[in-house]
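Visitor: Below is the structure I would like to discuss, written out as structure tokens.
Protein chains: 2
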Amino acid sequence: MERGRGALGPALELVHTGRAPTRAVLTAELGVTRATAGAVAAELEALGLITVDARPAAAGSQGRPSHRLSIASGGPVVLAAQIHADGFRAALVGLGGNMVATAPGCMTVPADPSHIIDAVVEAGAGLLRETGRRCLGAGLAVPSAVAEPEGTALNPLHLSWPAGAPVRELFTQALAKAGIPGPGGVTATGSTGNDVNLAALAEHRHGAGRGSRHLLCVATGHRGVGGALVLDGRLHSGSSGLALEVGHLTVNPAGLPCHCGSRGCLDVETDPLAFLTAAGRTPGPEVSLLQQSRDLLRTEYADPAVRTAAELIVDRLGLGLAGLVNILNPDRIILGGLHRALLDADPERLRAVVADRSLWGRSGSVPILPCTLDFNSLIGAAEAAWQPVLDDPLAALG
Amino acid sequence: MERGRGALGPALELVHTGRAPTRAVLTAELGVTRATAGAVAAELEALGLITVDARPAAAGSQGRPSHRLSIASGGPVVLAAQIHADGFRAALVGLGGNMVATAPGCMTVPADPSHIIDAVVEAGAGLLRETGRRCLGAGLAVPSAVAEPEGTALNPLHLSWPAGAPVRELFTQALAKAGIPGPGGVTATGSTGNDVNLAALAEHRHGAGRGSRHLLCVATGHRGVGGALVLDGRLHSGSSGLALEVGHLTVNPAGLPCHCGSRGCLDVETDPLAFLTAAGRTPGPEVSLLQQSRDLLRTEYADPAVRTAAELIVDRLGLGLAGLVNILNPDRIILGGLHRALLDADPERLRAVVADRSLWGRSGSVPILPCTLDFNSLIGAAEAAWQPVLDDPLAALG
DNA sequence: GTATTTTGTTTAGCGTCGGCACAAAGTCAG
DNA sequence: CTGACTTTGTGCCGACGCTAAACAAAATAC
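Same order as they appear, the protein sequences are chains Y and R. Heads up, the first sequence is in our numbering, so the first residue is 807 and it goes up one at a time. Heads up, the second sequence is in our numbering, so the first residue is 807 and it goes up one at a time.
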């Protein structure tokens, strides 16, 4: 009677990522019969996850007009949270990456991981109480490499946390304490992950990475460079969660010494501090280095010193990206943070450097694109939290 | 009636890789019921791919003794071939990596791709006539990067072929001309692939890589360094087959210039020529550089000059491997060619360098192992040819 | 107004697998 | 030797998830 259990997850993912506006394209995308696609859509609607419009959409073309599929409003949400150097953000996120509610965003120095994670979860619990929405899971992004499968933060550099803080365990405990219900009525087990990884996941699902099968994302925030790889729609974080540490590729053999023991690493040669220094500016303490760099690029790009500095950083970045292209052979590259701003400032130069310095650059260069979600690891944390539901909606909803 | 169609492929793969000696462990590995595992085994036996021993194996433990599953002798084979600088090899390979028949191995300079591929296929056709075995597919390894999905050899450096030679198309045409039957009675479409990639596949299925989920292989033959990555049992060759070009990581900033435009690349700093030069030896023309290097390591490692040279190369190699560990986070590394010999000469030094120079070396170092199949790309070509059968035995056998 | 095209639904049926009872073939304890 | 136990293998049935095919619906095309 109830058809389409195995295809339920893929179907939900298609609607979730906006790739299945109607049952007709759902049929085509899933490669199943119309009967199955119809049954799957009916099942997802019965679960309260999507809605099928009663009236057909505006026709225009020949044939019977199709009914629009959309994310159910008022449907379940997940708790997404992000911890950064100055505090945290928390939000409820529905399917389709819809922000349902956002907490004010506390600005405090997150000295003790346990305290701030408790606060994050409490903020989320407040949002859930206010909105009365059903919560199916929770995700947390931290600015640190996260070891798998333990879920410990190895280098929470900007947070003055102890290395190896058991972030996932703390998060799970806090969720249990706050009584946040998760899949199957049980208290949710939270997902946690490296923020660049999660931001890349967000770009893949809802941003510039949609449709890519081998997506490489590189970004620099305040200090250091982060990378992430999304293969066939799943984050590739290596055998223990520590892959894509791209910051220590050598891009300037005679360059600055790096804490890794080498010199001229991508990490220290292409971050905002390197750019500001190259442009001859002394960074001020008032706003972030990233903000100062962006402002400089926007307002003073005509200044030869600024332009030369930008080109220098672009050349180094291009060298690093070329190295990554040689190793990973992605079909798309998305840049965030300062790298995105540099790409915007002079797209052709960066693409030329990458094509020139990668081995197979001449036989087909990789598209290099700016991120479209501003590398939003909050959305990414939500994506990670939705993953179990996308994998098996029935099991996740009980 | 006939159960176990979906589990047929995974079951065959388990027997093929020697991980399912009996139906009982097949049950456990597949995560199905005994009924299903039994039906699957019966089906595979009916297809002539495996045999179930009539007599139970020696018991020893409590309970009903189990019957041994093994690869059917006299069963179907695939044609595997390898082209190298001095000629080619061709063989018939059964399931389980069993060499069934080997062609004498022509030693001629492969000037024209079309001619040598025709010769390879002719040799294979001869083997098939002699043995009368059924052929289910064919695979060819070439010492060059192979672009996907076109199947063209981009840098057949040692072969004096034109860059971009359509290897797969030539191979497929030659197979059709020779009338080599493939899956479903139709003429086989051949697989072709980069030889290091295929050798890595062989190591994963039948060698030191068995059971690894994130396997990195690095090897140097005569000149240059090749890499390959096997993720969850499938070769990862990137979006267009050009991934894992690991030869141009910088490992010696002040080093030799490389044809890629940089200097101090892994390619020119850790290959046999670099080793021989560092040891103060003038390479002779009689045997290959790889052979000379191996001999030197084996017979004169006591000589301080040789030992120092080896340590120098090991240090550079360790730096390159550490860079790859930072990016790929494999759970195992397998070395071949000279790199394998260097590992054998001083395992601890290489492991220490990698642990020290990789970011997370202290929190768990990667096992670095020598290859056990001598990086046999012939077996790897066979694995690639078997893949369709392993994916769907029924479809492949008609 | 009828034909055509495309979308959606209903019904029947089939293949694959799990569940369960049962049978088979060994070890173990006495 | 005998019976209890443990593990392996098989037969039967039903549930589930899909396809196939016929039918129905709603638009455009002429």
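All C-beta atoms, glycine included, are put in the ideal place defined by N, C-alpha and C.
Going by other Cβ atoms of all chains shown within 10 Å of its Cβ, with 16 needed for buried, is Y/VAL869 buried or exposed?
Guide: Counting from 1 along the first sequence, the entry for residue 869 of chain Y is found at position 63. Sequence inspection shows Gly at residue 869 of chain Y; the Val mentioned does not correspond to that position. Its Cβ having fewer than 16 others within 10 Å, Y/GLY869 is exposed.
Visitor: Pull up the distance between the alpha-carbon of Y/GLU1189 and that of R/THR1056, whole angstroms please.
Guide: Stepping through the first sequence from its first residue, residue 1189 of chain Y is reached at position 383. Stepping through the second sequence from its first residue, residue 1056 of chain R is reached at position 250. Taking the straight line joining both Cα atoms gives about 36 Å.
Visitor: For chain R, is any of its Cβ atoms less than 8 Å away from the one on Y/VAL1160?
Guide: For the purposes of this step, residue 1160 of chain Y is taken as residue 354 along the first sequence, with counting starting at 1. Answer no: the Cβ-Cβ gap between Y/VAL1160 and chain R never drops below 8 Å.
Visitor: What are the residues that DSSP puts in a beta bridge with Y/PHE894?
Guide: Along the first sequence, one-based indexing puts residue 894 of chain Y at 88. For Y/PHE894, which the question treats as bridged, DSSP gives the partners Y/ILE889.
Visitor: So, with DSSP's three-state summary, where would you put Y/VAL926?
Guide: Position 120 of the first sequence, counted from the start, is the residue given in the question as residue 926 of chain Y. Here Y/VAL926 sits in helix by DSSP.
Visitor: Should Y/ARG1019 be flagged as near chain R, meaning a C-beta pair shorter than 8 Å?
Guide: Translated into positions along the first sequence, residue 1019 of chain Y becomes position 213. Yes - at least one Cβ of chain R is within 8 Å of the one on Y/ARG1019.
Visitor: Which term fits R/PRO1063, buried or exposed, when burial requires 16 or more other beta carbons within 10 angstroms of its beta carbon?
Guide: Counting from one through the second sequence, the residue named residue 1063 of chain R turns up at place 257. R/PRO1063 should be labelled exposed.
Visitor: Run through DSSP, which three-state label would R/HIS1042 get?
Guide: By 1-based counting over the second sequence, the position of residue 1042 of chain R is 236. Reduced to three states, the DSSP call for R/HIS1042 is strand.
Visitor: Name the chain Y residues that come within less than 7 Å of R/ARG1163, Cβ to Cβ?
Guide: Your numbering for residue 1163 of chain R matches position 357 in the second sequence. Correct list: GLY1067.
Visitor: Between the alpha carbons of R/ASP1001 and Y/LEU1125, how many angstroms are there, rounded?
Guide: Here residue 1001 of chain R is taken as the residue at index 195 of the second sequence, counted from 1. Here residue 1125 of chain Y is taken as the residue at index 319 of the first sequence, counted from 1. C-alpha separation (whole angstroms): 27 Å.
Visitor: For the pair the region 845-857 of chain Y and the region 905-912 of chain Y, tell me if three or more CB-CB distances fall below 8 Å.
Guide: No, the region 845-857 of chain Y does not touch the region 905-912 of chain Y.
Visitor: Helix, strand or coil for Y/GLY1186? Go by DSSP, reduced to three states.
Guide: Translated into the one-based positions of the first sequence, residue 1186 of chain Y becomes position 380. In this structure, Y/GLY1186 counts as helix in the three-state DSSP scheme.
Visitor: Nearest by alpha-carbon distance to R/ASP1077: which of R/ALA1147, R/ALA1014, R/ARG840 is it?
Guide: As a position in the second sequence, residue 1077 of chain R is number 271, starting the count at 1. Closest by alpha carbon: R/ALA1147.
Visitor: Tell me whether R/HIS1065 is buried or exposed, calling it buried when 16 or more other Cβ atoms sit within 10 Å of its Cβ.
Guide: For the purposes of this step, residue 1065 of chain R is taken as the residue at position 259 of the second sequence. The residue is exposed, with fewer than 16 neighbouring Cβ atoms inside 10 Å.
Visitor: Hey, quick one: how far does the beta strand (DSSP E) through Y/ARG1138 stretch, first residue to last?
Guide: In the first sequence, counting from the first residue as 1, residue 1138 of chain Y sits at position 332. Run containing Y/ARG1138: 1138-1142, per the beta strand (DSSP E) assignment.
Visitor: At a threshold of 7 Å, does R/GLY1067 count as lining the ligand FAD (C-beta to nearest heavy atom)?
Guide: Only the bare structure without any ligand can be found here, which leaves the ligand FAD out of the picture.
Visitor: Given Y/CYS1177, which residues of its chain have a CB within under 7 Å of its CB, disregarding the five upstream and five downstream residues?
Guide: As a first step, residue 1177 of chain Y is located in the first sequence; it is residue number 371 there, counting from the start. For Y/CYS1177, where only same-chain residues beyond five positions count, the Cβ hits under 7 Å are GLU1009, GLY1013, ALA1014, ILE1140, LEU1141, GLY1142, ARG1146.
Visitor: Using a C-beta cutoff of 8 Å, does Y/ASP1077 count as contacting chain R?
Guide: Taking the first residue of the first sequence as 1, we reach residue 1077 of chain Y at position 271. Not one chain R Cβ lies under 8 Å of Y/ASP1077.
Visitor: Let's test the definition: count the other Cβ atoms within 10 Å of the Cβ of Y/VAL1112 and tell me whether it reaches 16, buried, or not, exposed.
Guide: As a position in the first sequence, residue 1112 of chain Y is number 306, starting the count at 1. So Y/VAL1112 ends up on the buried side.
Visitor: Counting only beta-carbon separations shorter than 8 Å, does Y/ASN1132 have a partner in chain R?
Guide: Translated into positions along the first sequence, residue 1132 of chain Y becomes position 326. True, the Cβ-Cβ gap to chain R drops below 8 Å.
Visitor: Of all the options Y/PRO871, Y/ASP918, Y/GLU1106, Y/ALA1201, which has the alpha carbon lying nearest to the alpha carbon of Y/TRP967?
Guide: Taking the first residue of the first sequence as 1, we reach residue 967 of chain Y at position 161. Comparing Cα positions, the closest option is Y/ASP918.
Visitor: Is the Cβ-Cβ distance between Y/LEU1048 and Y/ALA951 less than 8 Å?
Guide: Start at 1 with the first residue of the first sequence, and residue 1048 of chain Y comes out as number 242. Start at 1 with the first residue of the first sequence, and residue 951 of chain Y comes out as number 145. For Y/LEU1048 and Y/ALA951, yes; Cβs fall inside 8 Å.
Visitor: Going by DSSP in three states, R/GLY1204 sits in which element: helix, strand or coil?
Guide: Mapped onto the second sequence, residue 1204 of chain R falls at position 398. In this structure, R/GLY1204 counts as coil in the three-state DSSP scheme.
Visitor: Is R/ALA863 buried or exposed, if buried means 16 or more other CB atoms sit within 10 Å of its CB?
Guide: Position 57 of the second sequence holds residue 863 of chain R. Under this definition R/ALA863 is an exposed residue.
Visitor: In chain R, what lies closer than 8 Å to Y/GLU1009 by C-beta?
Guide: Taking the first sequence and counting its residues from 1, one reaches residue 1009 of chain Y at position 203. In chain order: nothing, as chain R lies at least about 17 Å away.
Visitor: For R/VAL1111, which residues does DSSP report across the bridge?
Guide: Translated into the one-based positions of the second sequence, residue 1111 of chain R becomes position 305. According to the sequence displayed, residue 1111 of chain R carries Ala and not Val. According to DSSP, R/ALA1111 bridges with nothing at all.
Visitor: What are the start and end residues of each continuous alpha helix (DSSP H) run of 4 or more residues lying completely inside the region 814-882 of chain R, in chain order?
Guide: Here the runs fully enclosed are 814-822, 829-836, 840-852.
Visitor: Shortest alpha-carbon distance to R/SER1183 belongs to which of R/PHE1081, R/ALA1025, R/LEU1156, R/ALA1006?
Guide: The residue labelled residue 1183 of chain R in the question sits at position 377 within the second sequence. Closest by alpha carbon: R/ALA1006.
Visitor: Give me, in chain order, the residues of the same chain whose beta-carbon lies closer than 7 Å to that of R/ARG829; leave out the 5 immediate sequence neighbours on both sides.
Guide: As a working note, residue 829 of chain R is residue 23 in the second sequence. The answer, listed in chain order, is ALA843, GLY844, ALA847, SER872, HIS873, LEU875.
Visitor: Could you compute how far the alpha carbon of R/PRO955 sits from the alpha carbon of Y/VAL1131?
Guide: Residue 955 of chain R sits at position 149 when you count from the first residue of the second sequence. Residue 1131 of chain Y sits at position 325 when you count from the first residue of the first sequence. Distance between the alpha carbons of R/PRO955 and Y/VAL1131 is about 18 Å.
Visitor: Only counting the same chain, and skipping five residues up and downstream in sequence, which positions put a Cβ closer than 8 Å to that of R/ILE986?
Guide: If you number the second sequence from 1, residue 986 of chain R lands on position 180. Excluding positions up to five away in sequence, the list reads LEU885, VAL927, GLY930, ALA931, LEU934, CYS941, ALA944, THR993, ALA994.
Visitor: Excluding five sequence neighbours on each side, which residues of the same chain lie with their C-beta closer than 8 Å to the C-beta of R/LEU832?
Guide: Position 26 of the second sequence, counting from 1, holds the residue named residue 832 of chain R. Hits under 8 Å: ALA817, LEU820, VAL821, ALA826, ALA843, VAL846, ALA847, LEU875.
Visitor: Counting only C-beta atoms, is Y/GLY1044 closer than 8 Å to chain R at any point?
Guide: As a working mapping, residue 1044 of chain Y is identified with position 238 in the first sequence. Chain R, which has a Cβ nearer than 8 Å to the Cβ of Y/GLY1044, makes this yes.
Visitor: Please state if the CB of Y/LEU946 and the CB of Y/ALA1187 are separated by a distance shorter than 8 Å.
Guide: Within the first sequence, numbered from 1, the residue matching residue 1187 of chain Y stands at position 381. Within the first sequence, numbered from 1, the residue matching residue 946 of chain Y stands at position 140. In contact: Y/ALA1187 and Y/LEU946 (Cβ atoms closer than 8 Å).
Visitor: Excluding the 5 residues flanking R/LEU1196 on each side, which residues of the same chain have their C-beta closer than 6 Å to its C-beta?
Guide: In the second sequence, residue 1196 of chain R corresponds to position 390, counting from 1. Only GLY815, LEU818, GLU819 meet the Cβ criterion.
Visitor: Taking 8 Å as the cut-off, decide whether the C-beta atoms of R/GLY1150 and R/ALA1116 are in contact.
Guide: On the second sequence, residue 1150 of chain R is found 344 positions in, with the first residue counted as 1. On the second sequence, residue 1116 of chain R is found 310 positions in, with the first residue counted as 1. One point to set straight first is that residue 1150 of chain R is Asp, not Gly, in the sequence displayed. In this structure, R/ALA1116 does not lie closer than 8 Å to R/ASP1150 by Cβ.
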